[in-house]
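What follows is a set of notes on a single structure, which appears directly below.
Residue numbers (my numbering): 370 to 472.
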């Protein structure tokens, strides 16, 4: 797995665990930290994908790639659809603006 993707994945998974276990008034701040780390992870996946030669043309092709399968193997099920959506945007050449990432 690409080292930058792995590092950002690990951070995002840690933040997911923290967020899902948190039981206090500061839960919103923890959720914001998770959301931020999710988009840092997506940016790392985008950087990796844009270096592929050739880049997959369809979501199915992307989902068949070994690294993407590794990610899905460790990604919590509630995040699968989010990742698929982001992969589609990457394949379509759409890059979210910072304010769209956090709304």
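Cβ atoms here follow ideal geometry from the backbone N, Cα and C, with glycine treated the same way.
key: For residue 410 and residue 464, the rounded distance between their alpha carbons   = Counted from its first residue, the chain shown places residue 464 at position 95. Counted from its first residue, the chain shown places residue 410 at position 41. Going from the Cα of residue 464 to the Cα of residue 410 covers about 14 Å.
ask   = If you draw a straight line from the C-alpha of residue 393 to the C-alpha of residue 407, how long is it?
value = Taking the chain shown and counting its residues from 1, the one referred to as residue 393 is at position 24. Taking the chain shown and counting its residues from 1, the one referred to as residue 407 is at position 38. The alpha-carbon atoms of residue 393 and residue 407 are separated by roughly 22 Å.
ask   = Going by other Cβ atoms of all chains shown within 10 Å of its Cβ, with 16 needed for buried, is residue 443 buried or exposed?
value = To locate residue 443, count along the chain shown from 1; it is residue 74. Exposed: under 16 other Cβ atoms inside 10 Å.
ask   = From what residue to what residue does the alpha helix (DSSP H) around residue 377 run?
value = Position 8 of the chain shown, counting from 1, holds the residue named residue 377. Run containing residue 377: 372 to 390, per the alpha helix (DSSP H) assignment.
request  = Spell out a yes or no on whether the region 376 to 392 and the region 409 to 427 are touching, meaning 3 or more CB-CB pairs, one atom from each, closer than 8 Å.
outcome  = Contact between the region 376 to 392 and the region 409 to 427 is present, because at least three Cβ pairs lie under 8 Å.
key: Opening and closing residue of the alpha helix (DSSP H) in which residue 460 lies   = Residue 460 sits at position 91 when you count from the first residue of the chain shown. That run of the alpha helix (DSSP H) goes 449 to 460.
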